[in-house]
Amino acid sequence: MKLKSLFTVADAATLLNITYAGNGEQTIEGINEIHCVEKGDLTFVDHPKYYDKALQSAATIILINKEVEVPAGKSILISPVPFDDYNKLTRKFMPFLASSKMISDSAVIGSDTFIFPSAFVGNNVTIGSGCTIHPGVCLYDNSVIGNNVTIHANTVIGADAFYFKRKPEGYDKMHSCGRVVLGNNVEIGAMCTIDKGVSADTIIGDGTKMDDHVHIGHDTFVGNNCLFAAFAAVAGVTKIEDNVIIWGQVGIQKDIVIGKGTEILAQSGVGKSTAPGSKVFGSPAVDAREKMKELVMIKRLPDLFKNQS
Amino acid sequence: MKLKSLFTVADAATLLNITYAGNGEQTIEGINEIHCVEKGDLTFVDHPKYYDKALQSAATIILINKEVEVPAGKSILISPVPFDDYNKLTRKFMPFLASSKMISDSAVIGSDTFIFPSAFVGNNVTIGSGCTIHPGVCLYDNSVIGNNVTIHANTVIGADAFYFKRKPEGYDKMHSCGRVVLGNNVEIGAMCTIDKGVSADTIIGDGTKMDDHVHIGHDTFVGNNCLFAAFAAVAGVTKIEDNVIIWGQVGIQKDIVIGKGTEILAQSGVGKSTAPGSKVFGSPAVDAREKMKELVMIKRLPDLFKNQS
Amino acid sequence: MKLKSLFTVADAATLLNITYAGNGEQTIEGINEIHCVEKGDLTFVDHPKYYDKALQSAATIILINKEVEVPAGKSILISPVPFDDYNKLTRKFMPFLASSKMISDSAVIGSDTFIFPSAFVGNNVTIGSGCTIHPGVCLYDNSVIGNNVTIHANTVIGADAFYFKRKPEGYDKMHSCGRVVLGNNVEIGAMCTIDKGVSADTIIGDGTKMDDHVHIGHDTFVGNNCLFAAFAAVAGVTKIEDNVIIWGQVGIQKDIVIGKGTEILAQSGVGKSTAPGSKVFGSPAVDAREKMKELVMIKRLPDLFKNQS
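Chains as they are written, first to last, in this note's numbering: chain A, 534 to 842; chain B, 534 to 842; chain C, 534 to 842.
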């Protein structure tokens, strides 16, 4: 997320009661988790294995649990608990807000948009024109819905990321401060969930259509004109390029890229990135023709064992 | 869907600003997609590959994008865009209706039926007697619910079919004008979706019971006394005969027939019709005993490779 | 369930208009299905195959369809229809209650707990302090929610067990009289379902976290600090011990034990109990390394067949 008010490295050190090295007057322009970090952003790292990745990332300010050499033009904030202090910052700039109204006063709703009763529209939600929001839909705070979007009943847009850190005393939650952004001409079926980004946005491109019970994890990017059949599930931080077709009950691993125009056959489990134009099948998914050959081979196994004996 | 008012071939030509051949005074009794077409109906076709199927179907009026010889006793309407014109007709006779009330004034609700607060009952919905409709349930317009039916919380009955046509500029939606019809003594778990038919009805037979998170696609026919475990998913236009048992996370392809008394083991993916009384397993699903043998064979592969070398 | 008022074997015989053998003044302390039965409880049995199991179980009173020798210190109630009479008893002591309010007057809600509008809280529900209950959540009657629990939008807690008995005239439902009990620091994603126990409780331990679309069947016990990814499904009466990690779209069979610290890889189907610390994969699931070896073997099949010919 980008910060709307001026907040410097020294301000953060004061707030968190920690020290810094580098330029205290450096402005923190945004706060982002390592996967989505941009120039001007603060990010955090708490494991030596990832120090280099964080220090050499696009981030300008690094919240870290060791005094290290400060990369040129950057600053570091030294905290014994970077995860906790990162959560403190995101909670400060994007606090959880309650809402006692079904449609928040701060929501902005376009013309010719119909919202059924029992739909919930959170704080600072933006809905374009020509949309239909069916009963029981829940739009969490800060969701952005384009024009001519239809969302069927009981779908939930913007629930928290499923992102927990194991600590000795149990799991601790990463506070989600991103949003969900739906493009124009999107149609979402009933009973879908599209989770907000942990720190950036979960994005659904123009013209993409989803059947019922589809799940899109946090910080996922979906391109234009994709199709998702029922029960398709995408874990977090994955990129689905344009014109991808995903059939029913498919599962897609986090942090991979599904190439443009890929077709994923039903019930497949995709653990690796796919090349543009591929057609994959199986769990784990491989090239669909290769999988079909495998299935034929397996059917011939009884003959093979007969020959053996 | 059947039309309730008199509407002729000539009326349709005028409305759509297109020409016709055959009998202009012929009455359009219903409008149906090719899978569900009956005598007296209008259907559409826009691909030469399917011309013959449409012209020789039960349909009496065919909306088509070429001037062809008119079959005896039938009429044709010639349109450059049959899909779009078909949508215009279904939208005219079954328009989307908004509703600002949780329970529409046009809903008909039987005696001894309890509807929890936060359940939504759309226009022209009929609910029988002795039913329990739990919180958050959404019944879209025109749904028909039998007697002694229980629908658990947040289930959605009658959302639109997932039916889109690819055009150069993106996906265009087939307007759903069918309904969902549930028989008597049906129980539907929480968080299920049963989609309305594109042009006909999605039907659930008497005594059928569903666990939570079950999905039934558009124009599917489910017989009597079937069981669906959690996350079972049926794509559109499939026929499930009586007494079928479908275990958890099963996926069933569109446009097939699951024979009477079939049992489908958990996580199977059924791509072909099944014979009555069959027991199938696997993805793709085959006879369950055959699948078990396959699994045993695969376990013996290490020995086979050892013998080879 | 435990009974709160005094109710004896003779009282039950009178209510059900049946006879008994043993001690008519014996108190029925609770009513439980055979899987969850404790000393002092009444249970039922109607198939000779299970007579011994029921008579030798912890149950003190057995509702049975045959005059058998009464075990020492126990009583029997002789009914032609034990299933129906058992249902009559559970319905008497835990009747279905309607509720016209979004938050029942009998609900007890802790301090610093925020309940969004459109969430439904049934009769006798208890919610601890520091909880967030998002829009559209449905808490069925008698649910117990610990402290610092977050439940995301449209999740349903406490819907009926999917438990039907086949009779000649169709399926008959076992009346659910158990509850759902969530521990402290639990987080449940959007669109989850946790079903109530048929006669005992469905329990979720402290610190357990679930992603969206997770399903937990009736009478399931989940330990502390478990993780459930999206679309994980657990059938009824299964025990998940502490620190178990279940990835996306996993299915788990009823009535098994998932050992402490087990990790179940995505899309697996688990049909057997797992040892503590195991890592399993596949459908049916086996040791993950074994499964990986199998997959490698299968890839080598073309070579094998080439050598054969």
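Ideal Cβ placement from N, Cα and C applies to all residues, glycine included. None of these values were measured; they are calculated from a predicted model.
Closer than 8 Å to chain B by CB, residue i
i	result
A/S651	yes
A/G850	As shown, chain A starts at 534 and ends at 842. That puts residue 850 of chain A outside it, with no answer to give.
A/H746	yes
A/N758	yes
A/L834	yes
C/A821	no
C/F814	no
A/I749	no
A/I831	yes
C/F761	no
Sequence-distant residues of its chain with Cβ nearer than 7 Å to residue i (five each side left out)
i	result
A/P817	G802, G804
C/P668	F649, P650, S651, A652, A686
B/D617	none
A/P613	N598
Residue closest to residue i, alpha-carbon to alpha-carbon, out of the options
i	options	result
C/D820	C/L798, C/P835, C/V829	C/L798
A/N681	A/D645, A/D693, A/T726	A/D645
C/K812	C/K832, C/I779, C/M830, C/M743	C/I779
A/L672	A/E602, A/K700, A/I721	A/I721
C/T665	C/R833, C/G643, C/M743	C/G643
A/F814	A/I791, A/N675, A/E823	A/E823
C/H568	C/A605, C/K772, C/G794	C/K772
C/I611	C/A605, C/N598, C/E602	C/N598
C/D585	C/G573, C/D574, C/V601	C/V601
C/S637	C/V614, C/T659, C/P628, C/E558	C/T659
Proximity of residue i and residue j at Cβ, strictly below 8 Å
i	j	result
B/G691	B/I609	no
C/A763	C/H748	no
C/I561	C/T541	yes
B/L596	B/F626	no
B/Y704	B/F695	no
B/T741	B/V689	no
B/E566	B/A591	no
B/A768	B/K787	yes
A/K607	A/T623	no
Cutoff 8 Å: residue i Cβ touching any chain C Cβ
i	result
A/A768	yes
A/K621	no
B/H568	no
B/P817	no
B/A765	no
B/F754	no
B/G643	no
A/F616	no
B/K793	no
A/K839	no
Closer than 8 Å to chain A by CB, residue i
i	result
B/N687	yes
B/A799	no
B/M825	no
C/A592	no
C/H667	yes
Cβ-Cβ separation, residue j to residue i (assumed contact under 8 Å), whole Å
i	j	result
C/V755	C/I736	7 Å
B/M534	B/C710	5 Å
C/D775	C/C759	7 Å
A/G810	A/G794	5 Å
C/S632	C/N656	6 Å
B/L837	A/L837	7 Å
8 Å Cβ shell around residue i - same chain, five flanking residues per side excluded
i	result
C/K621	L548, L549
B/A587	I567, T576, F577, V578, I595, I597
C/N757	G716, G738, D739, G740, T741, D775, N776
A/E558	T541, V542, A543
Cut-off 6 Å between Cβ atoms - residues of its own chain near residue i, not counting five sequence neighbours on either side
i	result
A/V714	V677, D734, I736
A/G730	G711, H751, D752
B/D693	S709
A/M635	F653
C/G679	G661, L715, G716, N717
A/V790	K772, S806
Output needed in chain order: residues of the region 711–730 of chain C with a Cβ under 9 Å from some Cβ in chain E. Among the chains of the structure shown, chain E does not appear; the protein chains present are A, B and C.
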